[in-house]
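**Q**
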Ligand SMILES: NC(=O)c1ccc[n+]([C@@H]2O[C@H](COP(=O)([O-])OP(=O)(O)OC[C@H]3O[C@@H](n4cnc5c(N)ncnc54)[C@H](O)[C@@H]3O)[C@@H](O)[C@H]2O)c1
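In my numbering, the protein residues as written are 7 to 308.
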C-alpha cells in the first residue's frame, strides 16, 4: 500500500516518521509546496531509516503522482498562528482548493488533518466531487484520546481500561460524551459512584478543552498526538480491519452537507456508516449546537 502526505511541516513530517517507526509501509510519498523544505525533510526522514529493521523509502512527489497512493493525508496549511482553528479557514480554504482541484479521478482515500478539520474535509469533498465515503477528517479522535487520558490521570486509572468519546466539531463546540465513557466493563459513572468518587465533569471539561491550546501556547504547534491518531487510522485501513472511531464524516444538517465527528465505521474502502450513539438529551442538544456552529461558519464564509 502506498501512502502520500501533502504538507511536511510539523504534522506531516511527524506522521511520516510515525509510519516509518511503526513499519506500516514500504514507501511514503511526500509533497510540499516549499521544494527546498521538502528535500530537507525527505533527507532527514530518510536518514532516520537505515538502522531500523524495516526500511521505508521516502520519495518526493508532485500532486499528479501522489494520486497513485492508496491513501493521501492532507496536512497542508498556512503558518499556524493561533490555537483557534477557525482562524486558519481563510488561508487553508484557498490552499485546499488549489491542491485538490485535479483530484476528481483519484481512486483512494483522503484523510484530512488540516484545520478547521471539519470544514476543510467538507471543502475537499466539494472540490474533488469524490464519493463522500472516501474523504475522512481525523475530527475528534484526538479529542477523544485527550479525554481518555484526562480521565485516567484525574482518577488515577490505567488509560488502557478507560474508553472515552468526544464528538461534534474538532473545535470549541466539541461534545464530551460522558454517558459513553467506560472503565473496564462498567460505565464510568457507575464506577465512580461505587467508589465514592464524584464525577467532576467541570474539571475534566476544562482540562480537555484547553489540552491543545496549552501545548500550542508553548510550542506554537501540536504534532505527536495527531500523528499517532492518524497512524492508528492508517493501520486499521492497511490491515483491513473494520473499525469504529469518532471521525469527521458526512452529515446532513438542515438538508445541507457538513462534515462533523460522530461514531463512524470504516474499512479499507473508507467510511461505511454511522454507529448508533446512545446520547442523553443534553448531549443531543450539544451535538446539534455543534452542527449549527459548523453550518453557520461554512455557509457564512462562502
Ligand atoms: N486535526 C487535528 O487534530 C490537528 C492537530 C494538529 C495540527 N492540525 C493542523 O494541521 C495543519 C498543519 O500543521 P503544522 O503544524 O504541520 O503546520 P506547518 O506550518 O508546520 O506545516 C504546513 C505545511 O504545509 C505546507 N503547505 C502550505 N501550502 C501548501 C500547498 N499549497 N501545497 C502543499 N503544501 C503546502 C507548508 O509549506 C508547510 O510545510 C494545521 O492546519 C494545523 O492546525 C490539526
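We put the CB at the ideal spot given by N, CA and C, even for glycine. As the structure is a computational prediction, the values presented were derived from the model and not from experiment.
Just the Cα atoms here: how many angstroms apart are residue 147 and residue 181?
**A** Translated into the one-based positions of the chain shown, residue 147 becomes position 141. Translated into the one-based positions of the chain shown, residue 181 becomes position 175. When rounded, the distance between both Cα atoms is 12 angstroms.
**Q** Does DSSP put residue 183 in a helix, a strand or coil?
**A** Within the chain shown, numbered from 1, the residue matching residue 183 stands at position 177. Looking at residue 183 - three-state DSSP - the assignment turns out to be coil, as it is neither helix nor strand.
**Q** Residue 271 bridges to which residues according to DSSP?
**A** The count along the chain shown starts at 1 and reaches residue 271 at position 265. Residue 271 pairs with 250 and 279.
**Q** Buried or exposed: which applies to residue 13, given that a residue is buried once 16 or more other Cβ atoms fall within 10 Å of its Cβ?
**A** Taking the chain shown and counting its residues from 1, one reaches residue 13 at position 7. So residue 13 counts as buried.
**Q** Taking the alpha-carbon positions, what's the residue 131 to residue 137 distance?
**A** Walking along the chain shown from the start, residue 131 turns up at place 125. Walking along the chain shown from the start, residue 137 turns up at place 131. Roughly 8 angstroms between the two C-alpha positions.
**Q** Bridge partners for residue 256 per DSSP, in chain order?
**A** Counting from one through the chain shown, the residue named residue 256 turns up at place 250. According to DSSP, which records beta bridges pairwise, residue 256 is partnered with 265.
**Q** When the Cα of residue 194 is compared with those of 212, 154, 76 and 103, which residue comes out closest?
**A** On the chain shown, position 188 is the one that residue 194 refers to. The option with the nearest alpha carbon to residue 194 is 154.
**Q** Which residues bound the alpha helix (DSSP H) around residue 304?
**A** Against the chain shown, residue 304 aligns to sequence position 298. It spans 287-306 - the alpha helix (DSSP H) in which residue 304 sits, taken as one unbroken run.
**Q** What residues are listed by DSSP as bridge partners for residue 65?
**A** For the purposes of this step, residue 65 is identified with residue 59 of the chain shown, where counting begins at 1. Beta-bridge pairing links residue 65 to 35.
**Q** Determine, using beta carbons only, whether residue 98 and residue 120 come nearer to each other than 8 angstroms.
**A** Counting from 1 along the chain shown, the entry for residue 98 is found at position 92. Counting from 1 along the chain shown, the entry for residue 120 is found at position 114. In contact: residue 98 and residue 120 (Cβ atoms closer than 8 angstroms).
**Q** In angstroms with no decimal places, state the Cα-to-Cα distance between residue 305 and residue 173.
**A** One-based indexing of the chain shown puts residue 305 at position 299. One-based indexing of the chain shown puts residue 173 at position 167. Cα-Cα distance, rounded: 21 angstroms.
**Q** For residue 123, verify whether its CB is less than 7 angstroms away from any heavy atom of ligand 3.
**A** Ligand 3 is not part of the structure shown, which contains ligand 1 as its ligands.
**Q** Based on the DSSP output, what are the partners of residue 188 in its beta bridges?
**A** As a working mapping, residue 188 is identified with position 182 in the chain shown. Beta-bridge pairing links residue 188 to 169 and 193.
**Q** With H, G and I counted as helix, E and B as strand and the rest as coil, what does DSSP make of residue 240?
**A** One-based indexing of the chain shown puts residue 240 at position 234. It is helical.
**Q** Suppose the cutoff is 6 angstroms on Cβ atoms and the five residues either side in sequence are ignored; what does the same chain contact list for residue 1 look like?
**A** There is no way to answer for residue 1, as the model of the chain reaches only from 7 to 308.
**Q** How long is the line joining the alpha carbons of residue 149 and residue 267, rounded to whole angstroms?
**A** Counted from its first residue, the chain shown places residue 149 at position 143. Counted from its first residue, the chain shown places residue 267 at position 261. Computed Cα separation, rounded: 11 angstroms.
**Q** Reducing DSSP to helix, strand and coil, say where residue 78 ends up.
**A** Position 72 of the chain shown, counted from the start, is the residue given in the question as residue 78. Three-state DSSP puts residue 78 in a strand.
**Q** Flag this pair as touching only if the stretch 95-114 and the stretch 224-237 have three or more C-beta atom pairs under 8 angstroms; answer yes or no.
**A** Verdict: no, contact absent.
**Q** Do residue 17 and residue 232 have their C-beta atoms within less than 8 angstroms of each other?
**A** The count along the chain shown starts at 1 and reaches residue 17 at position 11. The count along the chain shown starts at 1 and reaches residue 232 at position 226. Yes, Cβ-Cβ distance for residue 17 and residue 232 is below 8 angstroms.
**Q** If you reduce the DSSP assignment to three classes, tell me which class residue 139 lands in.
**A** Here the question's residue 139 lines up with position 133 in the chain shown. Helix.
**Q** Mapping the DSSP letters down to three states, classify residue 118 as helix, strand or coil.
**A** Within the chain shown, the letter at position 112 stands for residue 118. Residue 118 falls in the strand class under three-state DSSP.
**Q** Given a cut-off of 8 angstroms, decide if residue 15 and residue 81 are closer than it, judged by their beta-carbon atoms.
**A** The residue given as residue 81 occupies position 75 in the chain shown. The residue given as residue 15 occupies position 9 in the chain shown. Contact flag set, yes.
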